[in-house]
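The sequence shown begins at 10 in our numbering and counts up one residue at a time. Ideal Cβ positions, reconstructed from N, Cα and C, are used throughout, including at glycine. Okay, so here's the structure we're looking at.
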Amino acid sequence: VCSCYAVALSVVRPYKRVEDNVLAVATSLVLLLLFLGTNWTTIFLGIEERYQEADPADVLGFGKLNAIVDTMIVLVAVALVFFLIGAVVAARRVAKVPT
């Protein structure tokens, strides 16, 4: 649902200002990353709790919960950098447009 909403926002562009559209798509994608991180964490803890001998790394590829958290922090930071770059480019484009 979050990914479809982000795509719809980027296609429809419901706001007049470019920065508002970029911010709306950015927050949608960060929300999607947070949902994915929560889902991975829940699955990891469920595997550890239900199957005592099973290794969650066999299913998720992560041996410890810290790896999931670190991965999500990096993904959100990279997304934030991309969105900041997009906002700067959009602001420059708006600044060049004569009024």
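Closest by CA to residue i, which one among the options?
| i | options | result |
| --- | --- | --- |
| V39 | F92, V78, D29 | F92 |
| V98 | F53, N30, T51 | N30 |
| A33 | Q61, T50, N48, S12 | S12 |
| R56 | L43, L42, F71 | Looking at the sequence itself, residue 56 is Ile, so the reference to Arg does not match. Taking only the C-alpha atoms, the option nearest I56 is F71. |
| A35 | V103, A100, V85 | V85 |
| W49 | S19, V10, V68 | V68 |
| A104 | L18, V27, Y14 | V27 |
Roughly how many angstroms separate the alpha carbons of residue i and residue j, rounded to a whole number?
| i | j | result |
| --- | --- | --- |
| V78 | L45 | 11 Å |
| A63 | I52 | 13 Å |
| K25 | V87 | 27 Å |
| P107 | L42 | 37 Å |
| P23 | A17 | 10 Å |
Using 8 Å for Cβ pairs, my map puts residue i next to residue j. What's the rounded Cβ distance?
| i | j | result |
| --- | --- | --- |
| A66 | S37 | No, A66 and S37 are not in contact; Cβ-Cβ is about 31 Å, not under 8 Å. |
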